[in-house]
Amino acid sequence: MKNLISLVRGNNIALVTLALCVTASVSVASEKPNVLLILADDLGYGDVGCYGCPDTKTPHMDKLARDGVRCTDGYAAFPVCSPSRAAILTGRYPARFGPTYEDYFGGGVPELDPVRHLTIGQMMKDVGYETACFGKWNVSNLNRRRANDFGFDHWVGLHLNHDYYTHKLVRTGEHDLYKNGEPFDREGVWSDTIFADEAIHFIENRKEKPFFIYLAFQAPHSPYQDPDKLMDPPGSKERKTLIKMVERLDLEIGRVLGALDKENISDDTLVILTSDNGGAQGVSRNFPLSGAKQSLLEGGVRVPLIFRWPGVLPASEESAVPISAMDLTATIAAAGGVSPPEDKAFDGIDMVPSLLGEAHVSETRPLFFRRRDIKFRQNLNSIRQSAVRQGAWKYLRSYKKNNEKYTATLFDLDNDIAEQNDISQTSPERFQEMSDLLENWESKVAKTAQPFPSVSGKSK
Numbered sequence: 001m002k003n004l005i006s007l008v009r010g011n012n013i014a015l016v017t018l019a020l021c022v023t024a025s026v027s028v029a030s031e032k033p034n035v036l037l038i039l040a041d042d043l044g045y046g047d048v049g050c051y052g053c054p055d056t057k058t059p060h061m062d063k064l065a066r067d068g069v070r071c072t073d074g075y076a077a078f079p080v081c082s083p084s085r086a087a088i089l090t091g092r093y094p095a096r097f098g099p100t101y102e103d104y105f106g107g108g109v110p111e112l113d114p115v116r117h118l119t120i121g122q123m124m125k126d127v128g129y130e131t132a133c134f135g136k137w138n139v140s141n142l143n144r145r146r147a148n149d150f151g152f153d154h155w156v157g158l159h160l161n162h163d164y165y166t167h168k169l170v171r172t173g174e175h176d177l178y179k180n181g182e183p184f185d186r187e188g189v190w191s192d193t194i195f196a197d198e199a200i201h202f203i204e205n206r207k208e209k210p211f212f213i214y215l216a217f218q219a220p221h222s223p224y225q226d227p228d229k230l231m232d233p234p235g236s237k238e239r240k241t242l243i244k245m246v247e248r249l250d251l252e253i254g255r256v257l258g259a260l261d262k263e264n265i266s267d268d269t270l271v272i273l274t275s276d277n278g279g280a281q282g283v284s285r286n287f288p289l290s291g292a293k294q295s296l297l298e299g300g301v302r303v304p305l306i307f308r309w310p311g312v313l314p315a316s317e318e319s320a321v322p323i324s325a326m327d328l329t330a331t332i333a334a335a336g337g338v339s340p341p342e343d344k345a346f347d348g349i350d351m352v353p354s355l356l357g358e359a360h361v362s363e364t365r366p367l368f369f370r371r372r373d374i375k376f377r378q379n380l381n382s383i384r385q386s387a388v389r390q391g392a393w394k395y396l397r398s399y400k401k402n403n404e405k406y407t408a409t410l411f412d413l414d415n416d417i418a419e420q421n422d423i424s425q426t427s428p429e430r431f432q433e434m435s436d437l438l439e440n441w442e443s444k445v446a447k448t449a450q451p452f453p454s455v456s457g458k459s460k
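Per the working numbering, the very first residue in the sequence shown carries number 1; after that it's consecutive.
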C-alpha cells in the first residue's frame with residue numbers, strides 16, 4: 001500500500017489489481033477468522049523499532065509490521081487508559097457514556113456496566129466465538145466487575161496497575177490478580193509473562209470454533225520495574241528501565257505469536273497491535289510528536305498500530321489513513337460477522353476497505369477527542385481539552401477551569417506533525433469549520449458524567 005492508495009487514485013491498472021485483491025479477500029474472509037487484539041499500556045509512538053526508535057529492540061513487533069500493515073496515523077480514543085479501553089471494548093466514544101479520568105485512589109474511575117454497555121467480547125461470543133481476556137481490565141474498578149460479566153468466557157488479569165512481581169497494588173498492598181474473578185497468584189513471575197502464558201495455554205487448548213483474545217498487557221506502564229531483576233522494587237523512572245520493559249513486552253508478544261505459528265493458525269488469525277494511549281512524560285519516547293499521555297496533543301493520542309491478516313491484508317505496507325480505537329472494534333466485529341444494535345451503534349468503521357486502498361470515507365471523516373477530569377471527592381467535573389482531526393487538519397481547544405473559557409489552535413499535521421505552528425490566524429475559514437465540527441459533536445454527546453457517583457460507586 002506504500003502506496004497502493006496513491007496508485008488507485010492515479011492509475012486504472014491499479015484499480016483492476018485492487019478489484020482482484022478485494023475478491024480474493026472476500027473469499028478468504030468468508031470463514032470467520034480467529035482474532036487476537038494486543039493492547040500495550042502507555043507504549044509511546046516512538047518506543048517501537050518499526051516506528052523509528054533507535055534505542056529499543058523490538059524484533060517481534062517489527063516482524064508483525066513487516067507481515068502486515070503499519071499505520072502511521074492510529075489514534076487512541078482518550079489520552080488516559082480507562083476511557084480508552086472502554087472505547088475499544090464498546091466501539092463508542094467515551095464521552096457518550098461517561099467514562100472519564102480520575103485516579104482510583106482519588107475516588108472515581110470509568111465504570112462499564114454489563115446491562116447498559118455492550119462489549120465486543122459479548123458480541124463475538126453471541127456469534128459463536130470462544131472469548132478470552134488476559135491482562136489489564138481497568139473499566140469496572142469500583143464495582144469490581146469481572147471481564148467474565150462482559151462476555152469473556154475466560155479471564156486472567158488485574159483491575160488496576162500493580163507491582164509486576166508481587167501482583168499487589170503499590171499504594172495499598174491489595175492483591176490484584178484474578179482468574180475468572182477468584183484471587184490467583186504466581187508471585188515472583190512478571191505479570192505480562194503470566195498473561196502470555198495464559199494466552200498460549202488458551203491457544204493450545206482452544207475449542208473447535210473461532211476465538212477472540214483480548215490480550216491487554218500491563219507494560220510499559222508504571223510501576224517501572226526491571227524485568228531482568230527478580231522482585232525489583234518499583235520506583236525507577238529512568239528511560240533505561242522502560243526500555244527493558246518494552247523489550248520484555250516484545251518478547252511476550254513474540255511468544256504468543258509463536259503459539260499461533262506452532263498451531264498452524266497464523267494464516268487464520270487477524271492480529272491487531274496497539275496502545276491504549278501515548279507514552280508517559282519523561283520516560284517514553286513519542287518522537288516526532290509533541291505532548292505525552294494525558295494530553296490531546298499528538299503524543300498523547302497517536303499510537304503504534306499494526307494489522308496482520310494473511311490473505312486479506314497486504315504485507316510490508318504502510319497506511320496513513322487516520323484510524324481510531326473505535327475502528328478496531330468495528331473491524332473485529334465485521335470480521336466476526338456481527339454488528340451492534342442500533343442504540344449501541346459503533347462510532348468506528350470497518351477499516352479493511354481502507355487498508356486495501358479503496359476510496360473510503362475514513363480519509364475525510366472527522367475524529368473527535370475530549371478529555372474530562374472527574375474528581376468525585378472534590379465534586380469536580382471539568383473539561384480539560386477537546387479536539388477534532390479531519391484529514392490533515394487538527395483543531396484543539398484547551399479549557400480554563402470553568403469549562404467555558406478556552407484557547408483554540410489549528411494545525412496542519414501533514415506539514416507540522418509536532419504541532420508547533422498554529423495557523424488559526426492564516427486559515428480563518430478552516431479554523432471556523434473545524435470549530436463548528438467540534439461544537440456539533442459536543443452537542444450530541446454527554447455534557448457531564450451521569451450519574452455522578454460517590455467514592456463507593458453509588459450515585460449521589
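We put the CB at the ideal spot given by N, CA and C, even for glycine.
Keep in mind that this is a model prediction, so the values were computed, not measured.
{"Item": "heavy atom of the ligand GDP below 6 Å from F97 C-beta", "Value": "Here there are no bound small molecules, and the ligand GDP is not part of this structure."}
{"Item": "Residues of its chain near V246, where Cβ-Cβ distance is below 6 Å and the 5 sequence neighbours each way are ignored", "Value": "D47, T56, P220"}
{"Item": "Helix, strand or coil at T407 [DSSP, three-state]", "Value": "strand"}
{"Item": "Delimiting residues of the beta strand (DSSP E) encompassing D73", "Value": "69–75"}
{"Item": "N- and C-terminal bounds of the beta strand (DSSP E) containing F134", "Value": "130–136"}
{"Item": "Terminal residues of the alpha helix (DSSP H) in which N440 lies", "Value": "428–442"}
{"Item": "Proximity of L304 and S275 at Cβ, strictly below 7 Å", "Value": "In the sequence as displayed, the identity of residue 304 is Pro instead of Leu. In contact: P304 and S275 (Cβ atoms closer than 7 Å)."}
{"Item": "Reduced DSSP category for V445 - H, G, I as helix; E, B as strand; rest coil", "Value": "coil"}
{"Item": "Cβ contact (3+ pairs, closer than 8 Å) linking the segment 199–208 and the segment 113–120", "Value": "no"}
{"Item": "Cα-Cα separation between S324 and K444, rounded to whole angstroms", "Value": "19 Å"}
{"Item": "Distance CB(F195)-CB(Y129) smaller than 7 Å", "Value": "no"}
{"Item": "Cβ shell of K244 (< 8 Å), same chain only, five flanking positions each side left out", "Value": "D226, P227, D228"}
{"Item": "With 16 other Cβ atoms within 10 Å as the buried cut-off, status of D436", "Value": "exposed"}
{"Item": "Neighbourhood of G181 by C-beta, 7 Å cutoff - its chain only, sequence neighbours within 5 removed", "Value": "R146, N148"}
{"Item": "First through last residue of the alpha helix (DSSP H) which encompasses P59", "Value": "59–66"}
{"Item": "Separation of H154 from R144, as counted between CA atoms", "Value": "16 Å"}
{"Item": "Residue of T407, L36, S222, A333 minimising C-alpha distance to D126", "Value": "A333"}
{"Item": "Ranges of the beta strand (DSSP E) found wholly within the segment 285–351, counting only runs of at least 3", "Value": "302–308, 317–319"}
{"Item": "Own chain, CB closer than 6 Å to C71, minus 5 neighbours either side, in chain order", "Value": "L305, S319, I323"}
{"Item": "Residues of its chain near E442, where Cβ-Cβ distance is below 6 Å and the 5 sequence neighbours each way are ignored", "Value": "none"}
{"Item": "K400 in three-state terms, based on DSSP", "Value": "coil"}
{"Item": "Buried/exposed call for A335, threshold 16 Cβ in 10 Å", "Value": "buried"}
{"Item": "Alpha-carbon spacing of T58 relative to N264, whole angstroms", "Value": "23 Å"}
{"Item": "S82: first and last residue of the uninterrupted alpha helix (DSSP H) it sits in", "Value": "81–90"}
{"Item": "Sequence-distant residues of the same chain with beta carbon closer than 7 Å to D414, five excluded per side", "Value": "A392"}
{"Item": "Exposed unless 16 or more other CB atoms sit within 10 angstroms - verdict on K361", "Value": "The amino acid occupying residue 361 in the given sequence is Val; Lys does not appear at that position. Classification of V361: exposed, given that the 10 Å Cβ count is below 16."}
{"Item": "Nearest candidate by alpha-carbon position, reference Q390, set N34, I38, Y75, A65", "Value": "Y75"}
{"Item": "One or two residues paired with E111 in a DSSP bridge", "Value": "S140"}
{"Item": "Nonlocal neighbours in the same chain, by C-beta distance under 6 Å from N440, ignoring five residues either side", "Value": "none"}
{"Item": "Minimum C-alpha distance to A86 - residue among G173, V139, K63, V69", "Value": "V139"}
{"Item": "Residues near E187 in its chain [Cβ-Cβ closer than 8 Å; skip 5 each side]", "Value": "Y165, T166, H167"}
{"Item": "T407, buried or exposed, once every other Cβ within 10 Å from all chains shown has been counted against 16", "Value": "exposed"}
{"Item": "Contact under 7 Å by Cβ, N34 with D350", "Value": "no"}
{"Item": "Where the beta strand (DSSP E) through D40 begins and ends", "Value": "It is Ala, not Asp, that sits at residue 40 in the sequence shown. Start and end: 34–40."}
{"Item": "Validate contact between the segment 338–348 and the segment 87–98 using beta carbons, cut 8 Å, 3 pairs", "Value": "yes"}
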